[in-house]
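For the sequence shown, our numbering begins at 116 and goes up steadily by one.
Where a beta carbon is used, it is the ideal one built from N, C-alpha and C, also for glycine.
What follows is one structure encoded as C-alpha cells, with my remarks underneath.
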Amino acid sequence: MLTRRSFNALTGAAAVTLSAPGIIRAQGTVTIKFSHVVAPDTPKGKGALKFKELAEQYTNGAAVVEVYPNSQLYKDKEELEALQLGAVQMLAPSLAKFGPLGAQQFELFDLPMLFDGRDQLRKITEGEIGAQLLGLLEDKGISGLAYWDNGFKIMSANSPLIVPDDFLGLKMRIQSSKILEAQMEALGAVPQVMAFSEVYQALQTGVVDGTENPPSNMYTQKMHEVQSNATLSRHGYLGYAVIVNKPFWDGLPEDVRANLDKAMAEATEYANGIAEEENDKSLQAMMDAGTTEFHEMTPEERAEWAEVLRPVHEEMSDRIGADLIQQVYDALGTAS
Ligand code: LMR
Numbered sequence: 116m117l118t119r120r121s122f123n124a125l126t127g128a129a130a131v132t133l134s135a136p137g138i139i140r141a142q143g144t145v146t147i148k149f150s151h152v153v154a155p156d157t158p159k160g161k162g163a164l165k166f167k168e169l170a171e172q173y174t175n176g177a178a179v180v181e182v183y184p185n186s187q188l189y190k191d192k193e194e195l196e197a198l199q200l201g202a203v204q205m206l207a208p209s210l211a212k213f214g215p216l217g218a219q220q221f222e223l224f225d226l227p228m229l230f231d232g233r234d235q236l237r238k239i240t241e242g243e244i245g246a247q248l249l250g251l252l253e254d255k256g257i258s259g260l261a262y263w264d265n266g267f268k269i270m271s272a273n274s275p276l277i278v279p280d281d282f283l284g285l286k287m288r289i290q291s292s293k294i295l296e297a298q299m300e301a302l303g304a305v306p307q308v309m310a311f312s313e314v315y316q317a318l319q320t321g322v323v324d325g326t327e328n329p330p331s332n333m334y335t336q337k338m339h340e341v342q343s344n345a346t347l348s349r350h351g352y353l354g355y356a357v358i359v360n361k362p363f364w365d366g367l368p369e370d371v372r373a374n375l376d377k378a379m380a381e382a383t384e385y386a387n388g389i390a391e392e393e394n395d396k397s398l399q400a401m402m403d404a405g406t407t408e409f410h411e412m413t414p415e416e417r418a419e420w421a422e423v424l425r426p427v428h429e430e431m432s433d434r435i436g437a438d439l440i441q442q443v444y445d446a447l448g449t450a451s
C-alpha cells in the first residue's frame with residue numbers, strides 16, 4: 116500500500132528555487148529546449164514537432180526549438196525541476212503531474228467519470244476555469260501557454276477488468292496525482308506512482324499488474340505486448356498544459372515572443388485536431404496486434420463503475436476545492 120510518506124518521497128517536494136532564465140543565445144538566436152516523456156508518434160509528440168516547425172519558420176530562425184521526446188533528457192518529476200531551474204524552457208506535462216508544483220487544482224481533470232466526451236472537456240480547457248488554472252502557475256515562475264489533448268483512458272491488466280471487484284488487490288501504476296490514487300483505491304486496487312518511462316518494464320516484470328492510459332500512449336510504449344486485457348472504460352481524461360519558464364519567456368524580444376505565440380496557437384489547433392484520430396488509430400493497431408483482449412463496457416457495467424468512482428469527487432473535494440468542483444459542474448451543465 117502506498118502511504119502518504121512514500122507518495123511524497125516518490126513525487127518529491129517542489130523545493131527548487133528559480134535560477135537564471137536559461138536563455139541560450141548564439142549569433143542572435145534563442146534556443147528552446149522542449150522536453151517530454153512520450154514517443155514522437157503521439158498527439159503530444161507530433162504537437163511538439165509542429166510547434167518546432169512553425170516557431171522556426173515564423174521567427175525566420177531567430178528561435179531554434181530542440182525537442183527531446185521519450186524522457187531522453189528528464190523523467191516526469193525531474194523535468195518540472197529542470198524547467199524551474201532553466202535547464203529546459205518548455206514542457207507539456209500531463210495535467211495529473213502539477214501537484215508537486217503546488218498546483219494540485221489541475222488534478223480536477225483526473226476526477227473519474229467527469230467528462231462526457233471532448234466537447235465537455237473543451238468547456239473547461241477553453242473556458243474561464245482553464246485560464247484560472249494556468250494563472251496559478253505564474254507565481255511559481257511558470258507561464259501556461261495552452262492545453263493539448265491526448266484522450267480518454269482505458270484500463271489494462273493481465274486479467275479481465277469487467278466489474279470493480281476485478282481490481283481487488285491489483286497493483287496499478289498511476290501518475291503522481293492524489294485523485295488517481297483515490298480512484299484506484301476506490302476500485303480496491305493498490306496504486307503505485309511511477310515515472311512514465313518505467314511503466315513498460317514494470318508491467319513486463321510484474322512489478323505492477325496494470326495501468327491506465329489513452330490508447331496512443333499504450334500503443335507507442337508497446338504496453339499492449341505485456342497486458343493481456345483492457346477495458347475501453349474511458350473513465351477519465353489525460354491531457355497536457357504546455358508550460359514555459361516564465362523569466363525566459365518574459366525576457367524574449369517582443370517580436371520573437373509574438374511569433375512564438377502564433378506558432379503555439381497553431382500547433383495547439385493541430386495537436387487538438389489530431390488527438391482523437393491518433394488514439395483511434397492506436398487502438399485499432401493494438402486490436403490488430405492481437406496480444407490484448409479489449410472489452411467494450413455495457414451501460415450496466417459503466418453504471419457499476421460510476422457508482423464506485425463518483426464518490427471520489429466528494430472524497431477529494433478538500434484537495435481540489437469544493438467551490439472549484441462546483442464551478443466545473445456548473446460549466447459542464449451537470450447536476451453534480
Ligand atoms: C503518463 O505518465 O502516463 C502520461 O502522463 C504520459 C504522457 O505524458 O502522456
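First and last residue of the uninterrupted beta strand (DSSP E) at residue i
i	result
residue 260	257-267
residue 148	144-150
residue 409	408-410
residue 345	344-346
Assumed close pair residue i, residue j - CB separation to whole angstroms, cut-off 8 Å
i	j	result
residue 276	residue 346	5 Å
residue 248	residue 427	Going by Cβ atoms, the distance from residue 248 to residue 427 rounds to 19 Å, so no, they are not a contact pair.
residue 371	residue 174	6 Å
residue 361	residue 258	5 Å
residue 374	residue 331	About 29 Å separates the two Cβ atoms, so there is no contact after all.
residue 295	residue 279	Actually they do not touch by this definition, with Cβ atoms about 16 Å apart.
residue 261	residue 383	4 Å
residue 423	residue 301	5 Å
residue 267	residue 352	6 Å
residue 298	residue 447	Not confirmed; about 18 Å, so no contact.
residue 222	residue 232	Contact doesn't hold; Cβ gap of about 20 Å is too wide.
Per DSSP, cross-strand counterpart(s) of residue i
i	result
residue 325	287
residue 358	206, 259
residue 306	287
Helix, strand or coil at residue i [DSSP, three-state]
i	result
residue 128	Confidence at residue 128 is low in this model, with a pLDDT of 33, below 50, so its placement is unreliable and the value that follows should be read with caution. Here residue 128 sits in coil by DSSP.
residue 139	Reliability of the predicted coordinates at residue 139 is poor, the pLDDT of 47 falling under 50, and no value is obtained from them.
residue 272	strand
residue 436	coil
residue 153	coil
residue 180	strand
residue 353	strand
residue 414	helix
residue 186	coil
residue 336	coil
residue 231	coil
residue 213	coil
residue 218	coil
residue 427	helix
residue 239	helix
residue 278	coil
residue 226	coil
Endpoints, the alpha helix (DSSP H) within which residue i is located
i	result
residue 250	243-250
residue 369	369-404
residue 253	Neither: residue 253 is in no alpha helix (DSSP H) and is coded neither H nor E.
residue 57	Past the edges of the chain, shown from 116 to 451, lies residue 57, and the structure says nothing about it.
residue 164	158-173
residue 454	In the structure as shown, the chain starts at 116 and stops at 451, and residue 454 therefore has no counterpart that could be examined.
residue 191	191-200
Proximity winner among the options, relative to residue i (alpha-carbon distances)
i	options	result
residue 313	152, 148, 146	152
residue 365	406, 253, 157	253
residue 265	401, 284, 154	154
residue 169	280, 434, 386	386
residue 340	302, 393, 403, 362	403
residue 273	263, 284, 214	284
residue 150	178, 186, 332, 255	186
residue 417	436, 156, 349, 396	349
residue 207	287, 242, 379, 171	379
residue 210	192, 197, 202, 201	192
residue 202	181, 222, 217	181
residue 220	447, 449, 442, 448	442
residue 319	328, 308, 336, 329	336
residue 240	200, 158, 354, 163	354
The ligand ATP heavy atom lying under 7 Å from the CB of residue i
i	result
residue 209	Ligands displayed in this structure: the ligand LMR; the ligand ATP is not among them.
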